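Colleague: In our numbering, the protein residues as written are 29 to 416.
Note that beta-carbon positions come from the ideal geometry of N, C-alpha and C, so glycine has one too.
Treat the numbers as computed from the prediction; the structure is a model and nothing was measured.
Structure in structure tokens, see below.
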């Protein structure tokens, strides 16, 4: 081993990009912290695990090292087995971080993650929220949703990058942050009750400058959670929290009665825009994913017999099974009406003879189970025409 100046050691790391960095800390001084911070702030080296070797244990110094970015420490005299175990773990951790970085880069390219904030973008919110809630329903653990915003008078003075960074630092690694619209963030907290909401709100409020007020609407739910219902409750709570220009947290209960919100809202004929938004969310989080999954399975089933097509727009989605050689087609189209019900049209063509039928389905009933049943009926009709 050879002692070299800090700058020279950092440059060597940049040149060779090590899988793990081991630092021998002969003296418990601030230079160790600066080395760690320099590595963690470097765009190339920031994901490199750091292990320090100490001559003696000093709790305050070790904690400060962890704050500076180290991943582990070893006490001298060093045992080979200790070094080997920690290096193996560091190598595995480094590979995991690199894999995550590649996935995040891909998500950014697909506009799923925002490149500036590293937070899920508006287009990804419906799927991300539905996925987290589906997991909570499946494994039966509580989940919290928080809608966070700066006071409406303050939004012009601060950008989403600043607020998003403060929120990310206030939550756990397992929590998920989304940006559904400018100035508003969702924090999805799995395995969390109302106490966890209070803790996160306190952390965010403390980290934000006293010049700004943070308004938050939140709801904790458990078992059979409906994404649209939960989101509606939280957004209403946020609006209530923003009525006064001060930091405020409003926590609402998730109740069975909340599931009837669509029926209650439908009594007001001025909610056309609202129902359009609900359908749009259903389209992205449920309809298109189910149609795509069915398209893939039927494409394998009808590899040599039929062509499976899927088309989606802002207000409708169309799914068809077609055999052009025999002039046979079965098509289903879901159309948004701006009302609580969605129109379901089915068209069947054989030998230039066309038949059709129309039905409707409540927005609340648009889920994977019901869509799969509709597609099974469509496929059965296509098979019937194909075999006759």
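#1: Output the boundary residues of the beta strand (DSSP E) element that contains residue 279.
#2: From the DSSP output, which residues share a beta bridge with residue 174?
#3: Contact between the region 208-224 and the region 116-129: three or more CB pairs below 8 Å?
#4: Can you name, in chain order, every residue of its own chain whose Cβ lies under 6 Å from the Cβ of residue 147, other than the five neighbours on each side?
#5: Would you mind working out which of 252, 256, 369 sits nearest residue 167, comparing C-alpha positions?
#6: Enumerate, from N- to C-terminal direction, the unbroken beta strand (DSSP E) stretches of 3 or more residues contained entirely within the region 96-136.
#7: Are three or more beta carbon pairs between the region 243-258 and the region 158-178 nearer than 8 Å?
#8: Taking just the CA atoms, how far does residue 336 sit from residue 326?
#9: What would DSSP say about residue 42, mapped onto helix, strand or coil?
#10: What is the DSSP secondary structure of residue 256, reduced to helix, strand or coil?
#11: With a CB to CB cut of under 7 Å and the five nearest residues on each side skipped, what residues in its chain are close to residue 422?
#12: Only counting runs of 4 or more residues, tell me where the alpha helix (DSSP H) segments fall wholly within the region 305-343, in order along the chain.
#13: Considering just the uninterrupted stretch of the alpha helix (DSSP H) at residue 141, what are its terminal residues?
#14: Am I right that residue 267 and residue 209 are in contact with their C-beta atoms under 8 Å? What's the rounded C-beta distance?
#15: Inspect the beta-carbon positions of residue 402 and residue 372 and report whether they are closer than 8 Å.
#16: Do residue 306 and residue 399 have their C-beta atoms within less than 8 Å of each other?
#17: For residue 297, count the other beta carbons within 10 Å of its own beta carbon; 16 or more makes it buried, fewer makes it exposed. Which is it?
#18: If residue 346 sits next to residue 364, beta carbons under 8 Å apart, how far is it from one beta carbon to the other, in whole angstroms?
#19: DSSP has residue 82 in a bridge; who is on the other side?
#20: Cα separation between residue 89 and residue 269?
#21: Have a look at 370, 213, 357 and flag the residue whose alpha-carbon is nearest the alpha-carbon of residue 412.
#22: Is residue 359 helix, strand or coil by DSSP?
#23: How would you call residue 258, buried or exposed, if buried means at least 16 neighbouring beta carbons within 10 angstroms?
#24: Once the 5 residues before and after residue 229 are set aside, which same chain residues still bring their CB inside 7 Å of it?
#25: From which residue to which residue does the alpha helix (DSSP H) around residue 167 run?
#26: Please list the terminal residues of the continuous beta strand (DSSP E) segment that includes residue 382.
#27: Out of 312, 45, 275, state which residue places its alpha-carbon closest to the alpha-carbon of residue 236.
#28: How about residue 189 and residue 234: do their beta carbons lie closer than 8 Å?
#29: Spatial neighbours of residue 140 within its chain, please: CB distance less than 8 Å, with the 5 preceding and 5 following residues excluded, ordered by chain position.
#30: Is the Cβ-Cβ distance between residue 53 and residue 82 less than 8 Å?
Modeller: Quick answer:
#1: For residue 279, the uninterrupted beta strand (DSSP E) segment begins and ends at 276-281.
#2: 215, 246
#3: no
#4: 192, 205, 207
#5: 252
#6: 100-103
#7: yes
#8: 7 Å
#9: helix
#10: helix
#11: As shown, the chain starts at 29 and ends at 416. That puts residue 422 outside it, with no answer to give.
#12: 316-329
#13: That residue, residue 141, is in no alpha helix (DSSP H); it is neither H nor E in DSSP.
#14: Contact doesn't hold; Cβ gap of about 13 Å is too wide.
#15: yes
#16: no
#17: Residue placement at residue 297 is flagged as unreliable, the pLDDT there being 47, under the threshold of 50; the coordinate-derived value follows with that caveat. Classification for residue 297: exposed.
#18: With 8 Å as the limit, residue 346 and residue 364 do not qualify as a contact, their Cβ atoms being about 13 Å apart.
#19: 53, 103
#20: 42 Å
#21: 357
#22: strand
#23: buried
#24: 244, 277
#25: Where residue 167 is concerned, the enclosing alpha helix (DSSP H) stretches over 153-167.
#26: It spans 381-390 - the beta strand (DSSP E) in which residue 382 sits, taken as one unbroken run.
#27: 275
#28: no
#29: If we look at residue 140 and ignore the five residues flanking it on each side, its Cβ neighbours are 148, 149, 151, 152.
#30: yes
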